[in-house]
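Trainee:
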Amino acid sequence: MVIDLNKISIGTKIPELKIEPISRTILALYAGASGDHNPIHIDIDFAKKAGLKDVFAHGMLVMSYLGRAITNTILQSRLKDFKVRFCSITSIADILTCRGEVIDIKERNNTQLVILELNVTDQAGDVKLTGIASFEK
Amino acid sequence: MLDRNLIGKKYPIIEFRVSDHRLKFFSKATGQTDPIYFDREYAKKKNHKGILCPPTFLMIVGMEQDNFYKYLQDLNVSIKSILHAEQEFIYEELVYEGDTLKMETVIEDMFDKKQGLLQFCTFKSIYKNQDNVHVATIRFTIVVR
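Protein sequences appear in the order of chains W and H.
Residues in the first sequence are numbered from 121 upward in steps of one, following the numbering used here.
Residues in the second sequence are numbered from 62 upward in steps of one, following the numbering used here.
If you want it as structure tokens, here you go:
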């Protein structure tokens, strides 16, 4: 665990996680591993027929990277809720950065619940997704 | 317009055994660096009963249907016109390699934004393990353009 749970307070940030550039290989591997074979993510001919310039990343791949940023910081057993809203598509060669910051700490069932505000942006600062996670302190 | 009469529609329960092979493949594909997600011996040293499923892994269970995109036929929309809009995981218990999961899905809600230009549909899935313990709830929301 990277952060000391006793020292977290509103404004505490989890360490940023920077991801290697999105490649076609990564999307092919994720399609196979996840079972999501939607051709819009792996077949450029299909993407073009759908009116796009190229394939784009699975939203769940981006959320999975964000999940890594969380579990790099806290034990997964503490994680209670993880929710995201997808804002824009992630393209080939995008370099993503995952971030999280404590925005609230509440009491629930005699334990403290820490609320993290999350986002993933690309190299241009465009927001790919925003989210909220909560974990037990 | 999406047919709102479909709200409440249930899908057949899907049973899925979490294999170590699939977990390792998923961890590789998502660039996982923490060995508890791909190394059994390491995970056991960290007091886990085996390789741990990472937070987004449960989403793949829904892909194991004969035709995951059957719901698109129900909604009468093209695969080209949908995007993943929102996703939520609510965790009750950890899931490990070797567990057998049962997932039951229902169409929970439909709503629209921008005077109906964007239509949304939320699927809610309840996951239970081989001991019939509720391990997680997932909400999967798509937008139809």
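Glycine residues also receive a C-beta, built at the ideal position from the N, C-alpha and C atoms.
1. Over what stretch of residues does the alpha helix (DSSP H) that includes H:Asp-135 continue unbroken?
2. Per the contact definition of three or more C-beta pairs closer than 8 Å, is the region 233 to 249 of chain W in contact with the region 170 to 183 of chain H?
3. Would you list the residues sitting across from W:Arg-228 in a DSSP beta bridge?
4. Please report the straight-line C-alpha distance between W:Thr-132 and W:Ala-189, rounded to a whole angstrom.
5. Tell me which same chain residues have a C-beta within less than 7 Å of the C-beta of W:Ile-164, skipping the five on either side of it?
6. Going by C-alpha distance, which of H:Cys-114, H:Asp-64, H:Lys-106 and H:Phe-77 is nearest H:Phe-86?
7. Assuming H:Tyr-152 is part of the beta strand (DSSP E), what are its boundary residues?
8. In the DSSP assignment, find the alpha helix (DSSP H) that holds W:Thr-145 and state where it starts and stops.
9. Grab me the residues of W:Pro-141's own chain with a C-beta within less than 6 Å of its C-beta, minus the 5 sequence neighbours each way, in chain order.
10. So W:Ala-189 is in the alpha helix (DSSP H); what residue range does that whole segment cover?
11. Between the C-alpha atoms of H:Leu-144 and W:Leu-137, what's the straight-line distance to the nearest angstrom?
12. Tell me whether the beta-carbon of W:Val-247 lies closer than 8 Å to the beta-carbon of W:Thr-210.
13. Comparing C-alpha positions only, which one of W:Tyr-150, W:Gly-251 and W:Thr-145 sits nearest to H:Arg-83?
14. CA-CA distance, H:Tyr-130 and W:Arg-205?
15. Under the assumption that H:Ile-187 contacts H:Glu-165 (Cβ atoms under 8 Å), give the Cβ distance between them as a whole number of angstroms.
Mentor: Concretely, from the data shown:
1. Looking at the DSSP string, the run of the alpha helix (DSSP H) that includes H:Asp-135 is 131 to 136.
2. Contact fails: fewer than three Cβ-Cβ distances are below 8 Å.
3. W:Arg-228 has W:Thr-231 as its beta-bridge partners, per DSSP.
4. Rounded to whole angstroms, the separation of the alpha carbons of W:Ala-189 and W:Thr-132 is 14 Å.
5. Closer than 7 Å at the Cβ level, and outside the excluded window around W:Ile-164, lie Asp-174 and Val-175.
6. Closest by alpha carbon: H:Cys-114.
7. For H:Tyr-152, the enclosing beta strand (DSSP E) starts and ends at 143 to 152.
8. Run containing W:Thr-145: 144 to 154, per the alpha helix (DSSP H) assignment.
9. Ala-213 and Ile-215, listed in sequence order.
10. W:Ala-189: member of the alpha helix (DSSP H) spanning 179 to 191, first to last residue.
11. For H:Leu-144 and W:Leu-137, the distance between alpha carbons rounds to 25 Å.
12. It is not a contact, given that the beta carbons lie outside the stated cut-off.
13. That would be W:Tyr-150, whose Cα lies nearest to the Cα of H:Arg-83.
14. Going by the C-alpha atoms only, they are around 21 Å apart.
15. 5 Å between Cβ atoms; contact.
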